[in-house]
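**Q**
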Amino acid sequence: MKVLAILLALRGGAIAEEPAAVPPPRGPAWRGYLAAGVGSTAAIGPTVTDSFLFLLAPQVSLRVSRSVEYVIEGHFSRYLSPGGYFVGIVPVGARVSTREASRRYYFAAGAGLGWSDLERLPEIDRRFNFLLEGGFGVLWKPGRGAERFLEVRLVHLSNGGAAGRNLGLNSIALVGGWRVR
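Quick note on numbering: numbering that gives the first Met the number 0 labels position 50 of the sequence shown as 49, and the sequence is numbered without any gaps.
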């Protein structure tokens, strides 16, 4: 009986102890990135236009867990031959990466919308279009410098079947960037 009383007392003492604190994630939850890239239209699906593009993509991300970030991105692309632009926002995006390390590999995807003057192309028949992005890349931090990334990205512009033919314009871009906050 005395043994049972001692075990219950010890167990009660163990329950009364405060649980170990979980360390907070390192660094700020919100991060800002400035990204730029170059690319070319890709013969994926019905894309027939051959064009080169420059891309500027400022990003804000919120770390949801150690390996998942919610990403909001501005999208500014300039197409050459034929010339044109696309300006939009990608409010629904995510970056899923390997665990915290000096080099993290990731997959990113996003969906948004925007405005373009590319409606004269066979793939784009109106000014308002939707934007889908998907890619993979690597994030790293060189020494004491800012975090950087390099990504291969598929960019799909389309009217989503809202009007006319819906061929969509597909491009592959090499995008690089660095953390500004």
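We put the beta carbon where it would ideally sit given N, CA and C, even for glycine.
Where do the ends of the beta strand (DSSP E) carrying residue 152 lie?
**A** In the sequence shown, counting from the first residue as 1, residue 152 sits at position 153. Its beta strand (DSSP E) spans residues 147-157.
**Q** Report back the beta-carbon spacing between residue 116 and residue 164 to the nearest angstrom; my notes put them in contact at under 8 Å.
**A** Here the question's residue 116 lines up with position 117 in the sequence shown. Here the question's residue 164 lines up with position 165 in the sequence shown. That pair is no contact at about 18 Å.
**Q** For residue 55, which residues of its own chain have a beta-carbon under 7 Å away from its beta-carbon, when the five flanking residues on both sides are left out?
**A** The residue given as residue 55 occupies position 56 in the sequence shown. Correct list, in chain order: 35 and 75.
**Q** Using 8 Å as the cut-off, can you tell me whether the segment 35-47 makes contact with the segment 63-74, which would need three or more C-beta pairs spanning the two stretches below that distance?
**A** No: the two stretches stay apart, fewer than three of their Cβ pairs being nearer than 8 Å.
**Q** As a quick exercise: from 153, 135 and 128, pick the residue whose alpha carbon is nearest that of residue 162.
**A** By 1-based counting over the sequence shown, the position of residue 162 is 163. The shortest C-alpha separation from residue 162 is found at 128.
**Q** If you count every other CB in all the chains shown that lies within 10 Å of the CB of residue 13, and 16 or more means buried, which is it?
**A** Taking the first residue of the sequence shown as 1, we reach residue 13 at position 14. Any answer about residue 13 is weak, because its pLDDT of 48 lies below 50 and its placement is not dependable; what the coordinates show is given next. It is exposed - the Cβ of residue 13 has fewer than 16 other Cβ atoms within 10 Å.
**Q** By Cβ distance, which residues of its chain are closer than 6 Å to residue 186, with the 5 residues on each side in sequence left out?
**A** Examination of residue 186 is not possible in this model, given that the chain is present from 0 through 180 alone.
**Q** Once you ignore the five residues that flank residue 29 on each side, which residues in its own chain have a CB closer than 6 Å to its CB?
**A** Here residue 29 refers to the residue found at position 30 when the sequence shown is read from its first residue. These residues qualify, in order along the chain: 61.
**Q** Please classify residue 71: does DSSP put it in a helix, a strand, or coil?
**A** Position 72 of the sequence shown holds residue 71. Looking at residue 71 - three-state DSSP - the assignment turns out to be strand.
**Q** Measuring CA to CA, which of 160, 145, 166 and 168 is closest to residue 176?
**A** Position 177 of the sequence shown, counted from the start, is the residue given in the question as residue 176. Answer by Cα proximity: 145.
**Q** Buried or exposed: which applies to residue 99, given that a residue is buried once 16 or more other Cβ atoms fall within 10 Å of its Cβ?
**A** Residue numbering aside, residue 99 sits at position 100 when the sequence shown is read from its first letter. Classification for residue 99: exposed.
**Q** Can you tell me the Cα-Cα spacing of residue 70 and residue 51, whole angstroms?
**A** The residue you call residue 70 lines up with position 71 of the sequence shown. The residue you call residue 51 lines up with position 52 of the sequence shown. Each residue's alpha carbon lies about 26 Å from the other.
**Q** Return the Cβ separation of residue 89 and residue 33 in integer angstroms, given the expectation that the two are a contact with Cβ distance under 8 Å.
**A** As a working mapping, residue 89 is identified with position 90 in the sequence shown. As a working mapping, residue 33 is identified with position 34 in the sequence shown. The pair is not a contact, with the Cβ atoms about 15 Å apart (cut-off 8 Å).
**Q** Quick check on this structure: which residue in 92, 31 and 53 has the alpha carbon closest to the alpha carbon of residue 86?
**A** What you label residue 86 is simply residue 87 of the sequence shown in a count that begins at 1. The residue with the shortest Cα to Cα distance from residue 86 is 53.
**Q** Would you kindly report the start and end of the unbroken beta strand (DSSP E) that includes residue 162?
**A** Counted from its first residue, the sequence shown places residue 162 at position 163. Per DSSP, residue 162 belongs to no beta strand (DSSP E) and is neither H nor E.
**Q** Starting from residue 35, follow its DSSP beta bridges and name the residues at the other end.
**A** Position 36 of the sequence shown, counted from the start, is the residue given in the question as residue 35. According to DSSP, which records beta bridges pairwise, residue 35 is partnered with 55 and 175.
**Q** Can you tell me which of 110, 178, 168 and 159 puts its alpha carbon nearest to the alpha carbon of residue 91?
**A** Here residue 91 refers to the residue found at position 92 of the sequence shown. Minimum Cα distance to residue 91 is reached at 110.
**Q** Count the other C-beta atoms from every protein chain shown that fall within 10 angstroms of the C-beta of residue 170, then say buried if there are 16 or more, exposed otherwise.
**A** Residue mapping note: residue 170 aligns to position 171 of the sequence shown, counting from 1. The residue in question, residue 170, is buried, as its Cβ has 16 or more Cβ neighbours within 10 Å.
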